[in-house]
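**Student:** Below is a structure I'd like to ask you about.
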Amino acid sequence: MPVLNLKGGTSKTTSAVFLAHVLHESGYTVALVDADPQASSADWSRSAPEPFPFLVLPMATPRLHEQLHDHLPPEVDAVVIDTPPLADRAHVVVSALRVATLAVVPTAPTPLEYGRLAAVRETLDQAGGMRYATQRTYAPVPAAVLLTRTVANAGSTAAWREQIRADGWWCLRAQVGRLELFAQAAGDNITRATDTAYGDAMIELLEGQG
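In structure tokens, the structure reads:
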């Protein structure tokens, strides 16, 4: 499950880390792959009072689609990939998408971030043309937009969700608020992730894939 967007500062790392914790709390054997050269996810695990309770695997390589399988223990049944900004490392992001069955696009409900979705869709389509070797399909990678940094009771959130859906995206009902819980989470341990908006998002993601 790559977590991607065109630019940095879009809650990619926060979303990847929380989603990985939700899967772990839900009984999955998780690997969190840090494909960003900045290594924010791996640094988070190292700097937390206790390391994350699952495998954290730094792999910032455009050969990820070839190498990932050899680095995963056989018991792993859920992989979350924290990708670099698409604008900076498109080849790494495409490599991650080549092994994906689902991608998540964290996006704030703003005109600027909405405008970047077109480039993300182009990349999803591009990766689809390269997926046959790993997924036996040329179909674009299924992707869900997760609205993040939303403001409570702001009408713009619903308006942008409607617009994103009108453009043909799967836009989740769950939304991640602009909260200190998430803004100050880096470097700390995460507990009860399933009780957050990321838990609600994962329910939708798993149901959508079922």
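For the sequence shown, the positions run -10 to 199 when my numbering is used.
Ideal Cβ placement from N, Cα and C applies to all residues, glycine included.
Measuring only the C-alpha atoms, how far is proline 63 from serine 30?
**Tutor:** 22 Å
**Student:** What are the partner residues of tryptophan 159, as DSSP defines its beta bridges?
**Tutor:** Tryptophan 159 is bridged by DSSP to Ala133.
**Student:** For serine 4, count neighbouring C-beta atoms within 10 Å of its own C-beta (all shown protein chains included) and say buried if the count is 16 or more, exposed if not.
**Tutor:** buried
**Student:** Using only CA atoms, which one of Leu135, Ala172, Ala37 lies nearest to arginine 154?
**Tutor:** Nearest of Leu135, Ala172, Ala37 to arginine 154, Cα basis: Leu135.
**Student:** Would a C-beta distance cut-off of 8 Å place alanine 92 and proline 73 closer than the cut-off?
**Tutor:** no
**Student:** Hey, how far is the Cα of glycine 199 from the Cα of aspartate 184?
**Tutor:** Legend: pLDDT at glycine 199 = 49, less than 50; position of this residue unreliable, value from coordinates given subsequently. C-alpha separation (whole angstroms): 22 Å.
**Student:** Would you call the stretch 141 to 152 and the stretch 89 to 109 touching, i.e. three or more CB-CB distances under 8 Å?
**Tutor:** yes
**Student:** Quick check for students: name the residue ranges of the beta strand (DSSP E) that lie wholly in the stretch 29 to 84, counting only runs of 3 or more.
**Tutor:** 44 to 47, 67 to 71
**Student:** From the DSSP output, which residues share a beta bridge with proline -9?
**Tutor:** Under DSSP, proline -9 shares a beta bridge with Ile70.
**Student:** Just to confirm, are leucine -7 and valine 165 a CB contact at a threshold of 8 Å?
**Tutor:** no
**Student:** According to DSSP, is threonine 96 helix, strand or coil?
**Tutor:** Three-state DSSP puts threonine 96 in a strand.
**Student:** Measure the Cβ-Cβ separation of alanine 76 and proline -9 and say whether it is below 8 Å.
**Tutor:** no
**Student:** With DSSP collapsed to three states, give me the class of alanine 20.
**Tutor:** strand
**Student:** Between which residues of its own chain and arginine 52 is the CB-CB distance below 7 Å, once the five residues before and five after are set aside?
**Tutor:** Ser84
**Student:** Buried or exposed: which applies to leucine 170, given that a residue is buried once 16 or more other Cβ atoms fall within 10 Å of its Cβ?
**Tutor:** exposed
**Student:** Counting C-beta neighbours from all protein chains within 10 Å, is the total for tyrosine 187 16 or more, i.e. buried, or is it exposed?
**Tutor:** buried
**Student:** Mark alanine 141 as exposed unless 16 or more other C-beta atoms lie within 10 angstroms of its C-beta, in which case mark it buried.
**Tutor:** exposed
**Student:** Grouping DSSP H, G and I as helix and E and B as strand, with all else coil, what is glycine 166?
**Tutor:** strand
**Student:** For arginine 138, does the three-state DSSP call read helix, strand or coil?
**Tutor:** The three-state secondary structure of arginine 138, taken from DSSP, is strand.
**Student:** With a 10 Å radius around its C-beta and 16 neighbouring C-beta atoms as the bar for buried, classify alanine 172 as buried or exposed.
**Tutor:** exposed
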